[in-house]
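Chemist:
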Amino acid sequence: SCDLLTLYDLRTVTRQLSHLADGLVRVCLDLASLRTGISAEDFVVIALGKLGAEELNYSSDIDLLFIAGHDQRSSPVDQRSTAVPYVEDIVPAGYPAALGGASGGSPGDPMEKLKLGEQLIDNLGSVTSEGFLYRVDMRLRPWGRDGFLVPIYEGYLQYIQKHARLWEKQALLKARPVAGEIALGEKLLAQAEPYIFAHEPEEVRASVFAMKQRTEQVLQQKGRDWGEVKLGEGSIRDVEFVVQYLQLAYGNQYPDLRGRSTLQVLPRLVQHRLLTGEEARILADGYTLLRTIEHYLQVMDYQQTYTMPSDPAALALLAARLGFRNTEALIHRYDEHRKAIRLIYLRRVGNEPVNEPQPQVVQHLARLGADYAESFSAAEIQQHADLARGINAQTPAIVEAHSLGKETWRVTVVGYDYPGELSIICGLFFVFGFNIMDGNAFTYEPVSDSPKESRSQTFTRFDPTLRLGSEPDRRVPPRRRPSSTLEADTYRKIVDVFTVKSILSTPPDDSIWQTYTSDLHHLLRRMRTGQRREARGELAVRVGQMLKSVRGRAAPLLPIEIEIDNEADERYTILRIDTPDTVGFLYEFTNALALTRTYIARLIVQSIGSRAQDILHVTDENGHKIVSPEKQRELRASVLLIKHFTHLLPHSPNPSAALLHFREFLGQLFQRPNWYDEITSIEKPDVLKALARLLGVSDFLWEDFLRMQYANLFPVVTDVKALSISKPRSQLERELARALDEKRVGEVQYSDWRGTLNAFKDRELFRIDMRHILGLTREFDDFSIELTNLAEITLSAMLAYCESELRAAHGEPLLESGEPCGVSLLALGKCGGRELGFASDIELMFVYAGDGQTRGASSISTAEYFEQLVRSIVSSWQTRQEGIFQIDLRLRPYGKAGSMAVSLDSFRRYYAPDGPAWAYERQALVKLRPITGDPDLNDELCGLRDLYAYESGPFDVISMRAMRERQVRHLVTGGTFNAKFSPGGLVDIEYLIQGLQINHGARNPALRLTNLRAAMSALHNAGILSVDDYDRLRKAYTFLRWLIDSLRVVRGNSKDVTMPPFDSDEFTFLARRLRYEGDTKHLRDELARYVADVQEINNRLLKRKTSP
991 SCDLLTLYDL RTVTRQLSHL ADGLVRVCLD LASLRTGISA EDFVVIALGK
1041 LGAEELNYSS DIDLLFIAGH DQRSSPVDQR STAVPYVEDI VPAGYPAALG
1091 GASGGSPGDP MEKLKLGEQL IDNLGSVTSE GFLYRVDMRL RPWGRDGFLV
1141 PIYEGYLQYI QKHARLWEKQ ALLKARPVAG EIALGEKLLA QAEPYIFAHE
1191 PEEVRASVFA MKQRTEQVLQ QKGRDWGEVK LGEGSIRDVE FVVQYLQLAY
1241 GNQYPDLRGR STLQVLPRLV QHRLLTGEEA RILADGYTLL RTIEHYLQVM
1291 DYQQTYTMPS DPAALALLAA RLGFRNTEAL IHRYDEHRKA IRLIYLRRVG
1341 NEPVNEPQPQ VVQHLARLGA DYAESFSAAE IQQHADLARG INAQTPAIVE
1391 AHSLGKETWR VTVVGYDYPG ELSIICGLFF VFGFNIMDGN AFTYEPVSDS
1441 PKESRSQTFT RFDPTLRLGS EPDRRVPPRR RPSSTLEADT YRKIVDVFTV
1491 KSILSTPPDD SIWQTYTSDL HHLLRRMRTG QRREARGELA VRVGQMLKSV
1541 RGRAAPLLPI EIEIDNEADE RYTILRIDTP DTVGFLYEFT NALALTRTYI
1591 ARLIVQSIGS RAQDILHVTD ENGHKIVSPE KQRELRASVL LIKHFTHLLP
1641 HSPNPSAALL HFREFLGQLF QRPNWYDEIT SIEKPDVLKA LARLLGVSDF
1691 LWEDFLRMQY ANLFPVVTDV KALSISKPRS QLERELARAL DEKRVGEVQY
1741 SDWRGTLNAF KDRELFRIDM RHILGLTREF DDFSIELTNL AEITLSAMLA
1791 YCESELRAAH GEPLLESGEP CGVSLLALGK CGGRELGFAS DIELMFVYAG
1841 DGQTRGASSI STAEYFEQLV RSIVSSWQTR QEGIFQIDLR LRPYGKAGSM
1891 AVSLDSFRRY YAPDGPAWAY ERQALVKLRP ITGDPDLNDE LCGLRDLYAY
1941 ESGPFDVISM RAMRERQVRH LVTGGTFNAK FSPGGLVDIE YLIQGLQINH
1991 GARNPALRLT NLRAAMSALH NAGILSVDDY DRLRKAYTFL RWLIDSLRVV
2041 RGNSKDVTMP PFDSDEFTFL ARRLRYEGDT KHLRDELARY VADVQEINNR
2091 LLKRKTSP
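Numbering (the numbering used here), first residue to last: 991 to 2098.
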């Protein structure tokens, strides 16, 4: 309030904000100590940057440095510690040993302090429902992101002495202990001062000027040479660099220059005649104005922004807040100070020339963002420029990896830019067993007048196929062409630099990077030639395999916070990520962005303690900022869900298909008017896990089944708890009755009973299938019983409603005797045995009691009446996919040539021992079972079944073998195994059991069972099947049922149950579906064993024609 009412000046406000931060850091440290049980004694938190100088803004990050004090019993600081040895003059590979790599339980154990530091960062930066305290930046520690989070006292001093670069010492000018053992921090800074102020003035000046020059060159090439309050010409950085240059250059001679505050040091510089009084005044006044502008820019939207607004309304609001009468007055005053500061900066810091970078480096810098030059040294920038000039169509990317020791590498990838390329790079890191510790990813910005990048004012990514007339991959608004005497390299490229650490039990050697490079080239070439789906799918499979080995089956889904900022950058939308740091996270997240067609121009990877706090600069696929609230909600939702979905790919039989189908699933979800409310129902881990299984089963399941039934899929799959419960038959009957009464299924109202009944059937069939695919049915028999119950209930209702309509038109059907003429609905095949499976049809037969007439006004014969009834049922029974839950009447007498409704006399004549029925048709009667209809007629038909199937002679083995030969000849593709019809397949088990039932059922009625598994058990109990035969057949039957079911789920074709080639991807996916976890050899071995068992037992027990 005091700030907004201008009751405090800027210095007081920033000091108060800094003191608040000091107090919060101390409280968070106390809480971290309590939570970890680790004492904060011998541990100090040192603030750097604005907090160190007590100049904090409202939305500033806080730059911190943690130091663990040395063991009080160890030798003095100028001697090397024996507990934590220091390797002299070593490159970063030796850093962890020098600064805290030892472990143990000593009082000065740095690993203990590491836990304390990580907890402190979590306390400060964790996002809660009320927000967070501060973003914590730890990059100013030794070796930056590669360095140990909590270096020890002695090691830190030796680092400052031997390895610290000048800009790191420059950062220490603002260092201030704020929490922990303050005295320890003050002592450390005092002992570091001789090393900080040990450089010659010219060395300091050249370094400071070169750093600033690199930043300005980038800003100028991007057209941002005005309005950059913090980094541009005449900016805050100009003032700070003048003061800090003079501090570093003369601080050893004049110790009173060693102050933290820029404004406090300026008068002392005048005292030592290093600045004139006028210069100090100009710098102080300009610095105060610029810091005030910066302060209010951040207050406006609580964002980290340092650029004057380009929007007139926003600029007018800023002018009003600063007390200017209009925007022109603000701009005029700003330009006055900016120019005056610049003159002093050039006079004091830029009065000597420095080495100009090579033209190719200038061109390279011009294509990258302003912060690129600040992120790398001149040597690194030169290296990147050289690599960028070395890539071509044959070598689309160059990978250079430098070992840092301790199983850690610094990896640079420079290549052409492709959509989704960053996810490929990150995914391969994970596949090769590397965790990304930190990194920076930059992308060339386009130029406007390039024939290779500009087409109708749009940007085309590099793709050699464009020369063949193909369409561009992506479009991004053009940028200004860099000024250079070289021919501009106008292809868009990427510069990605990551620190990665092996997570493998046996760390790899340097040769692994050759394989990594080869695999990267392979995937990039696939993307370049239009095979992006295949490239992502290939990588997703490999990632899924690695996820299983690294995380195991129970890896949790962790929360992720995404902050979307459209104010901090004029061109890009900024995504700030805050989430617990996990192995493979970056692949999951960048893959999610790639699948949502979100373009990543810039990435900063940083792990603060145990949290990943990454920053991404993105646009939509057309190169525009993502500003629409609706699009932002869709982006946030889809990225979160796809990221979490990727995490669960090990649960999917086909990760590639699962990812693509999930994106389409979300596309349909976002078309629903209430998608924002519904999205929460699929964010649950168990729902996403279920979707990973479902959507990765097959293209058929998505294209022809799930997507067609999206209205059913969403409410079913998002209620996993309800999905896990089997509905009893009585519950289904009640729900169907209520639905038919109300003509409503779910939220949909229907106009007639037919639509209602079919909708109910489809919804419940879908629900049962989903339970099965997700493994929620304990046994295959449970799945079969649920399907059979649904079929019986809905068929019974269909029969009742269709007959009611016929009776209304023609009256009740009567026998010639005048008695009612009943009808029986009989099930055969798998339905008769209550053994329906996925994509099963329903084999039925309708039998009526006999000849007669209806007694209505429009009387017709019973034969015509029941023929119309059956036709009405068949036409009313609608199926979404041919062959799935479809009525099949072909097992009726005379098959397709016979009447659809069969009279009782016709049934007798046809199946009698001297009737025309084939042996296999009488064998089929073993499965005959009434579903509904006239009870007396049902009983009579069951008696006839037993008579004709069991009491008309032994099983005709010769006819069965002949039929099996025909089946194999006509139905099995040569050189393949058909799980149903090949020798040793399911039919051999079915015919064996039915043959044994027929042979022994006349004398043992307990064998007259329609269910094969029950019949198998009865044969075992009767002593007909030995214990060994029964055990082997039971296992083989279960295996083959699951195998056929899985093939049907994958292909959506009830007839195609041919095994895929053993070396194919389809066979691998089949193994996963069958829960062999991709162990294809195990599946092959078990298949061979079960087939051999079936053949041996079948041939032995049915080797000859036997008598009952």
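All C-beta atoms in this analysis are idealised placements derived from N, C-alpha and C, irrespective of residue type, glycine included.
1. For residue 1607, does the count of other Cβ atoms within 10 angstroms reach 16, so buried, or fall short, so exposed?
2. Tell me, which residues are paired with residue 1833 by DSSP?
3. Please go through the stretch 1901-1985 and give each complete beta strand (DSSP E) segment of 3 or more residues, from N-terminal end onward.
4. Which value, in whole angstroms, describes the spacing of the CA atoms of residue 1223 and residue 1194?
5. What does a CB cutoff of less than 7 Å around residue 1501 pick up in its chain, not counting 5 residues either side in sequence?
6. Taking the C-alpha atoms as reference points, what is the distance between residue 1351 and residue 1258?
7. Here's the rule: buried if 16 or more other CB atoms are within 10 angstroms of the residue's CB, otherwise exposed. What is residue 1246?
8. CA-CA distance, residue 1596 and residue 1313?
9. Might you give, ordered along the chain, the residues of its own chain that have their beta carbon closer than 8 Å to the beta carbon of residue 1609, omitting 5 neighbours on each side?
10. With H, G and I counted as helix, E and B as strand and the rest as coil, what does DSSP make of residue 1865?
11. Can you grab the Cα-Cα spacing for the pair residue 2032 / residue 1914, in whole Å?
12. Which first and last residues belong to the beta strand (DSSP E) in which residue 1565 is found?
13. Quick check on DSSP: helix, strand or coil for residue 1995?
14. Taking only three categories from DSSP, how would you classify residue 1786?
15. What residue does the alpha helix (DSSP H) around residue 1575 start on, and which one ends it?
16. Using C-beta distances below 6 Å, list every residue in its chain close to residue 2015, excluding the 5 sequence neighbours before and after it, in chain order.
17. For the beta strand (DSSP E) holding residue 1842, just list the boundary residues, first then last.
18. Taking a contact to mean a Cβ-Cβ separation below 8 Å, would you say residue 1298 touches residue 1217 in this structure?
19. For residue 1378, does the count of other Cβ atoms within 10 angstroms reach 16, so buried, or fall short, so exposed?
20. Within the continuous beta strand (DSSP E) that includes residue 1870, where are the two ends?
21. Identify which residue in 1867, 1840, 1848, 1868 has its Cα closest to the Cα of residue 1856.
22. Going by DSSP, what residue range makes up the alpha helix (DSSP H) through residue 1233?
23. Is residue 2083 buried or exposed, if buried means 16 or more other CB atoms sit within 10 Å of its CB?
24. Check whether the stretch 1002-1022 and the stretch 1039-1049 are in contact - that is, three or more C-beta pairs closer than 8 Å.
25. Roughly how many whole angstroms lie between the Cα atoms of residue 1994 and residue 1910?
26. Could you compute how far the alpha carbon of residue 1389 sits from the alpha carbon of residue 1737?
27. Verify whether the separation of the beta carbon atoms of residue 1104 and residue 1143 is less than 8 Å.
28. Where does residue 1521 sit, in a helix, a strand or coil, going by DSSP?
29. What are the start and end residues of the beta strand (DSSP E) that includes residue 1491?
30. Taking all protein chains shown into account, do 16 or more other C-beta atoms lie within 10 angstroms of the C-beta of residue 1527, making it buried, or fewer, making it exposed?
31. Which runs of the beta strand (DSSP E) spanning at least 3 residues fall entirely within the stretch 1137-1206, listed in chain order?
32. Excluding the 5 residues preceding and the 5 following residue 1059 in the sequence, name in chain order all residues of the same chain whose CB lies nearer than 6 Å to its CB.
33. Reducing DSSP to helix, strand and coil, say where residue 2085 ends up.
34. Can you say whether residue 1095 is buried or exposed, counting buried as having 16 or more other CB atoms within 10 angstroms of its CB?
35. Could you give the residue range of the beta strand (DSSP E) that holds residue 2007?
36. Using only alpha-carbon positions, find the residue among 1481, 1399, 1321, 1866 that is nearest to residue 1746.
Modeler: In short, the structure shows the following:
1. A residue is called buried once 16 or more other Cβ atoms fall within 10 Å of its Cβ, and residue 1607 is buried on that count.
2. According to the DSSP secondary-structure assignment, residue 1833 is paired through a beta bridge with 1878.
3. With a minimum length of 3 residues, the unbroken runs of beta strand (DSSP E) contained wholly in the stretch 1901-1985 fall at 1919-1923.
4. In this structure, the CA atom of residue 1223 is about 20 Å from the CA atom of residue 1194.
5. Apart from the 5 residues on each side of it in sequence, residue 1501 has no Cβ closer than 7 Å to any other Cβ in its chain.
6. Approximately 39 Å, taken between the alpha carbons.
7. So residue 1246 ends up on the exposed side.
8. Rounded to the nearest angstrom, the two C-alpha atoms are 39 Å apart.
9. 1466, 1561, 1562, 1563, 1588, 1589, 1591, 1615, 1616.
10. In the structure shown, residue 1865 falls within a helical segment according to DSSP collapsed to helix, strand and coil.
11. One alpha carbon belongs to residue 2032, the other to residue 1914, and they sit about 23 Å apart.
12. Residues 1563-1570.
13. Here DSSP, grouped into helix, strand and coil, assigns residue 1995 to helix.
14. Correct three-state label for residue 1786: helix.
15. Per DSSP, the continuous alpha helix (DSSP H) segment holding residue 1575 begins and ends at 1575-1585.
16. Excluding sequence neighbours, residue 2015 sits near 2009.
17. Secondary structure note for residue 1842: its beta strand (DSSP E) is the uninterrupted segment 1842-1844.
18. Yes, they are a contact pair.
19. Taking a 10 Å sphere around the C-beta of residue 1378, we find 16 or more other C-beta atoms and assign the residue as buried.
20. Where residue 1870 is concerned, there is no enclosing beta strand (DSSP E), given that its DSSP letter is neither H nor E.
21. The candidate whose alpha carbon is nearest that of residue 1856 is 1840.
22. Here the alpha helix (DSSP H) through residue 1233 covers 1226-1240.
23. The residue is buried, with at least 16 neighbouring Cβ atoms inside 10 Å.
24. These segments touch.
25. Here the alpha carbon of residue 1994 sits roughly 21 Å from the alpha carbon of residue 1910.
26. Whole-angstrom Cα-Cα distance: 56 Å.
27. The Cβ atoms of residue 1104 and residue 1143 do not sit closer than 8 Å to each other.
28. Residue 1521: coil per DSSP, three-state reduction.
29. If you look at residue 1491, you'll find it in the beta strand (DSSP E) that goes 1483-1492.
30. Of the residues assessed, residue 1527 falls on the buried side of the cut-off, its CB having 16 or more other CB atoms within 10 angstroms.
31. If only complete runs of 3 or more residues are kept, the stretch 1137-1206 shows the beta strand (DSSP E) at 1166-1170, in order along the chain.
32. Non-local C-beta neighbours of residue 1059 in its own chain, meaning closer than 6 Å and more than five positions away in sequence, comprise 1032, 1143, 1174, ordered along the chain.
33. Judged by DSSP in its simplified three-state form, residue 2085 adopts helix.
34. Confidence is the limiting factor: at residue 1095 the pLDDT is only 40, short of 50, which leaves the residue's position unreliable, though a coordinate-based value still follows. Exposed: under 16 other Cβ atoms inside 10 Å.
35. Run containing residue 2007: none in the beta strand (DSSP E); it sits in the alpha helix (DSSP H), 2002-2011.
36. Relative to residue 1746, the option among 1481, 1399, 1321, 1866 whose CA is nearest is 1866.
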